[in-house]
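Novice: Counting in the working numbering, the final residue of the sequence shown is number 179, and the numbers go up one at a time with none missing.
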Amino acid sequence: MNENLINLPVLVLNENYLPLNICKVRRAVVLVLIGKAEVIENGRGYFHSTKGIFDIPSVIRLIYLVRKHSHPRKMTKIEIFNRDKYVCQYCGRENKELTLDHVVPRRKHGQHTWENVVAACIPCNRRKAGRTPVEAGMPLLRKPCAPGNIGFYVPYQYIRTREEWHKYLPHTR
7 MNENLINLPV LVLNENYLPL NICKVRRAVV LVLIGKAEVI ENGRGYFHST KGIFDIPSVI
67 RLIYLVRKHS HPRKMTKIEI FNRDKYVCQY CGRENKELTL DHVVPRRKHG QHTWENVVAA
127 CIPCNRRKAG RTPVEAGMPL LRKPCAPGNI GFYVPYQYIR TREEWHKYLP HTR
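#1: How is E85 classed by DSSP in three states: helix, strand or coil?
#2: The alpha helix (DSSP H) spanning I128 covers which residue range?
#3: Indicate whether the contact test is met: 3 or more Cβ pairs, each with one atom in the segment 32-39 and one in the segment 49-67, closer than 8 Å.
#4: Apart from the five residues just before and just after A34, which ones in its own chain have a Cβ nearer than 6 Å to its Cβ?
#5: Put E103 into one of helix, strand or coil per three-state DSSP.
#6: Is L26 buried or exposed, if buried means 16 or more other CB atoms sit within 10 Å of its CB?
#7: Please name the residue in N131, P153, R168 whose C-alpha comes closest to that of V110.
#8: Would you kindly work out how many angstroms separate the C-alpha atoms of K134 and R89, rounded to a whole number?
Structural data, given as structure tokens:
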């Protein structure tokens with residue numbers, strides 16, 4: 007099997023079709039071959055082995071239920087960028103070089119919370135400086151809030167590139 011194919015992401019669904027995890031093709035194929043999962047979506051073709059021809063899965067479903075407790079998401083830089091879809095919340099440009107911006111600056115007693123931190127491109131962050139959006143004349147595109155606790159989180163780059171996953175991810179419809 008091609009080395010690049012082995013490392014592609016595969017969405018793992020619980021027995022009840024709810025998203026559970028993301029693993030690599032290698033792990034997904036092993037789960038299918040040992041009978042712990044079934045292929046739901048094959049978006050990548052097939053591979054040949056001595057035992058036959060097998061799907062290269064994009065989505066698999068476990069044949070047993072895994073009980074998983076959901077925990078509140080930690081507020082990290084990557085989580086903020088994913089929540090804001092890698093878009094500057096002031097100018098609206100999609101950008102990979104983003105910074106975190108406190109809507110109410112910390113020097114004005116703004117908190118480091120989900121509701122006060124947004125993704126901003128470097129020029130907008132410099133332009134806003136230590137002012138509030140109103141003082142700087144830079145309204146926010148959308149009010150920041152804590153992400154919903156859906157129990158499973160899919161990185162934004164996968165949501166954009168894996169269309170066959172959308173029907174299994176309720177928050178992307």
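For glycine and all other residues, C-beta sits at the position ideal for the given N, C-alpha and C. Keep in mind the model is a prediction, meaning the values are calculated, not measured.
Specialist: A quick look at the data gives this:
#1: helix
#2: 128-134
#3: yes
#4: V16, P63, I66
#5: coil
#6: buried
#7: N131
#8: 21 Å
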